[in-house]
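Participant:
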Amino acid sequence: MLLLQEESTQSSTKCLLIYDVSNNSVTGTVKIMPDTICSNFRSNANEIMTMNSTGLWSFYDIRGSTVKPFKCFKIGTPVKQGHAVDLSYCITSCNGQKHLWTWNEQGKPVDTWNYSEKEWFLGLIKGNSSETIFALHGQHHNSTMTMTDVNHLFEYQSKLFHRYGVKDSKQTLFDVLDGKVLATACNAGIQMQSAEFHVSNYKEHSRKLSENIRSAKVRWQKNKDQKEEEKVKSRWEDNAKKNVGVNSFDTTFTEHDFTMSGVLGSGQFGSVFEGKSKRTGKAVAIKVLVNRTSIYTEKFIVQREVDIQRELRHANIVKMYTAFKSKYTIFIVLELMSGTLHSILKNEETKVLSETKIACMVHDVSNALAYCHMRGIIHRDLKPQNILHSNENVFKITDFGTATDERDNTYCGTLDFMAPEVLCRKKQSTAVDCFALGIIVHLCNEGRLPFLLADGQGCDEMKIKCKYEPPVDMGLKIQEITRNLIKRDAKDRWTATEVVNSQLVRDYQHQMQDDIFKQELADL
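Taking full-length UniProt numbering as reference, the numbering of the sequence shown is continuous, increasing by one, and the terminal residue is 524.
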């Protein structure tokens with residue numbers, strides 16, 4: 001059965017149509033107030049409850065009179081209403097406080113709970129016994145859902161039934177599917193939780209269900225990513241065949257279009273200078289490389305970096321504006337950044353990063369890697385020197401000179417961040433970047449690399465065995481990242497997409513949204 005509100009009329013009343021879906025017909029009508037804002041069936045299809053704009057909460061029995069309600073209560077400015085088992089509820093607002101009213105068909109509605117704008121209430125559901133009804137609620141400053149017996153809401157901190165993380169504090173819809181799964185929805189998506197509250201160990205039961213759902217999502221995502229990667233690789237191969245003999249470098253710019261000043265950094269094949277466009281004054285970074293004639297240097301290092309960066313467009317990848325060459329030199333013009341992650345960690349006052357800063361870095365780098373991996377690109381030399389940051393606290397990856405696809409198993413990268421399969425000259429995949437990210441996260445948190453000997457030197461044998469155990473003082477959310485990335489077998493490591501979906505990154509995203517909301521609120 002559905003309730004359909006007829007189109008607005010000029011009369012003092014309007015009708016609610018009772019629509020039978022199975023018969024595709026209207027089976028009855030209920031006359032309601034013209035300013036009614038919401039209507040619901042109650043615990044069965046024989047009763048209807050409505051709320052109007054003046055705060056009148058009315059109940060109709062459609063088996064009897066459909067003209068006048070059999071119960072009517074004046075309770076305050078309405079927000080929403082609903083029911084669970086035999087308990088009806090509505091939310092009203094008054095002087096910055098929200099009130100949860102409940103009515104069990106006896107006496108008057110009870111002001112069961114009131115809460116501030118810092119908290120939220122989603123609805124009521126059947127609890128872990130025939131007499132128990134749970135309230136679904138939470139606080140806006142964190143992204144957790146709390147289940148509490150509706151009779152104990154005022155003391156929920158000590159008497160809650162269960163609490164778990166959700167995608168967003170702004171929960172909008174919920175439903176119980178077949179009495180087994182509680183589905184909640186927000187702008188960030190839908191989340192599943194066990195609704196079998198009667199089991200002996202609900203917390204463990206719920207954890208296993210969440211793991212099964214997550215595993216199913218990961219399998220689906222991997223299949224989707226694999227198909228997408230195959231399409232992208234095919235496109236790259238087709239383009240490569242078409243562009244045989246085509247010059248990768250721009251002919252519209254020369255070194256005379258830019259001024260160069262201080263050195264920002266140096267590497268194996270050249271140096272990076274701070275530069276400026278003479279025409280626009282735009283500040284840039286200019287990578288200067290020797291234009292050697294050897295096939296390895298020019299074709300397989302420089303040209304590959306130019307070709308790859310020309311294809312990549314992502315907020316967490318350093319932009320390449322153009323690349324050109326003279327007789328003796330190759331110039332790659334890049335987005336100017338403030339510094340490197342390496343320089344932050346080498347700072348005497350820093351050495352390690354806060355959990356928030358690590359979360360920011362992991363959020364940005366994992367998103368960039370997921371973007372590259374989706375396109376079949378492996379960076380292969382991810383390290384703090386190749387992670388740059390801006391004044392706006394945004395991290396971006398750079399230096400795609402050794403980047404490749406999964407068919408190229410050449411031995412390259414930086415030893416401290418090499419995955420075991422690279423050290424063993426085995427087949428490489430996007431998992432080598434994920435391993436490097438795990439090492440970087442450990443370094444940012446501890447100020448030192450894992451797998452070091454007593455004298456502080458790295459040990460290849462320890463890296464190959466890869467028996468990693470995070471320090472006891474490492475935060476649990478960071479441990480989750482390092483444990484799942486620093487693994488010997490590539491197939492056991494988290495993908496970049498799984499890192500994006502980790503608790504650390506999700507909490508950081510929620511905090512960013514919360515900060516934006518607070519700023520918008522302050523600007524009112």
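Note that the Cβ used here is the ideal one computed from N, Cα and C, for glycine as well.
Let me check understanding here. Comparing Cα to Cα, which of Met51, Lys71 and Ser53 lies closest to Tyr60?
Facilitator: Lys71
Participant: DSSP three-state label for Gln303, please.
Facilitator: helix
Participant: Among the candidates Asp35, Asn46 and Ser22, whose CA atom is the shortest distance from the CA of Thr29?
Facilitator: Asn46
Participant: When you compare the CB positions of Leu160 and Met147, do they come within less than 8 Å of one another, or not?
Facilitator: yes
Participant: Does Asn104 pass the burial test, meaning 16 or more other C-beta atoms within 10 Å, or should it be called exposed?
Facilitator: Exposed is the call here.
Participant: The alpha helix (DSSP H) spanning Lys111 covers which residue range?
Facilitator: This sequence places Asp at residue 111; Lys is not what is there. For Asp111, no alpha helix (DSSP H) run applies; the uninterrupted beta strand (DSSP E) run containing it begins and ends at Val110 to Tyr115, by DSSP.
Participant: Please classify Thr297: does DSSP put it in a helix, a strand, or coil?
Facilitator: Per-residue confidence for Thr297 stands at a pLDDT of 43, beneath the threshold of 50, marking its modelled position as unreliable; no derived number is given.
Participant: Can you round the beta-carbon distance between Thr414 and Lys383 to whole angstroms, since I take them to be within the 8 Å contact cut?
Facilitator: 5 Å
Participant: My guess is that Ala496 and Ser366 are in contact by the Cβ rule of under 8 Å, so how many angstroms apart are they, rounded?
Facilitator: 5 Å
Participant: Per DSSP, what are the beta-bridge partners of Lys14 in this structure?
Facilitator: Beta-bridge pairing links Lys14 to Ile32.
Participant: Classify Arg506 as buried or exposed, calling it buried when 16 or more other Cβ atoms lie within 10 Å of its own Cβ.
Facilitator: buried
Participant: Counting Cβ pairs, one atom from each stretch, are 3 or more of them under 8 Å apart for the region 115-133 and the region 197-208?
Facilitator: yes
Participant: Alpha helix (DSSP H) containing His198: first to last residue?
Facilitator: That residue, His198, is in no alpha helix (DSSP H); it is neither H nor E in DSSP.
Participant: At the 8 Å Cβ level, is Asp61 part of the contact set with chain B, yes or no?
Facilitator: This model lacks chain B altogether, as it is built from one protein chain only.
Participant: Measure the beta-carbon distance from Val272 to Ile286 and round it to whole angstroms, keeping in mind my assumption that it falls under 8 Å.
Facilitator: About 7 Å separates the beta carbons of Val272 and Ile286, which is inside the 8 Å limit, making them a contact pair.
Participant: Please determine, among Arg163, Phe435, Lys463 and Phe451, the residue with the shortest C-alpha to C-alpha distance to Arg493.
Facilitator: The residue with the shortest Cα to Cα distance from Arg493 is Phe435.
Participant: Taking the beta strand (DSSP E) that Phe174 belongs to, which residues open and close that run?
Facilitator: Gln171 to Leu177
Participant: Give the DSSP-derived three-state secondary structure of Arg407 in the structure shown.
Facilitator: For Arg407, the pLDDT reaches just 45, beneath the cut-off of 50, and the residue's location in the model is therefore unreliable, although a value from the coordinates is still provided. Note: Arg407 maps to coil in three-state DSSP.
Participant: Nearest by alpha-carbon distance to Thr54: which of Pro78, Gln428 and Ser39 is it?
Facilitator: Nearest of Pro78, Gln428 and Ser39 to Thr54, Cα basis: Pro78.
Participant: Distance check for Leu100 and Tyr89, CA to CA, integer angstroms please.
Facilitator: 7 Å
Participant: For Asn393, which option in Lys357, Pro420 and Val110 has the closest C-alpha, if you only look at C-alpha atoms?
Facilitator: Lys357
Participant: Can you find the residues in the same chain that come closer than 8 Å, C-beta to C-beta, to Ile96, ignoring five residues on each side of it along the sequence?
Facilitator: One point to set straight first is that residue 96 is Gly, not Ile, in the sequence displayed. Hits under 8 Å: Ser116 and Glu117.
Participant: Looking at Leu388 and Gly339, is the spacing between their C-beta atoms short of 8 Å?
Facilitator: Pairing Gly339 with Leu388 gives a Cβ-Cβ distance under 8 Å.
Participant: Taking 7 Å as the limit between beta carbons, can you name the residues of its chain near Val26, skipping five residues before and five after?
Facilitator: Result list for Val26: Leu17, Ile18 and Tyr19, in chain order.
Participant: Please classify Tyr328 as buried or exposed, where buried requires at least 16 neighbouring CB atoms within 10 angstroms.
Facilitator: Label assigned to Tyr328: exposed.
Participant: Note the first and the last residue of the continuous beta strand (DSSP E) segment covering Val288.
Facilitator: Ala283 to Val290
Participant: Within the same chain, show all residues whose beta-carbon is closer than 6 Å to that of Cys444, passing over the 5 residues directly before and after it, in chain order.
Facilitator: Leu353 and Ile358
Participant: Hey, how far is the Cα of Gln450 from the Cα of Arg488?
Facilitator: The identity of residue 450 in the sequence shown is Pro, whereas the question assumes Gln. Each residue's Cα considered, the two are about 14 Å apart.
Participant: When DSSP builds the beta bridges, which residues end up paired with Val272?
Facilitator: In the DSSP output, where bridge partners are listed per residue, Val272 has Gly265 and Lys287.
Participant: Which same chain residues, not among the five before or five after Lys170, have their C-beta less than 7 Å away from its C-beta?
Facilitator: Cys186 and Asn187
Participant: Would you identify the three-state DSSP class for Leu136, choosing helix, strand or coil?
Facilitator: strand
Participant: Tell me the residue span of the beta strand (DSSP E) that contains Pro78.
Facilitator: Thr77 to Ala84
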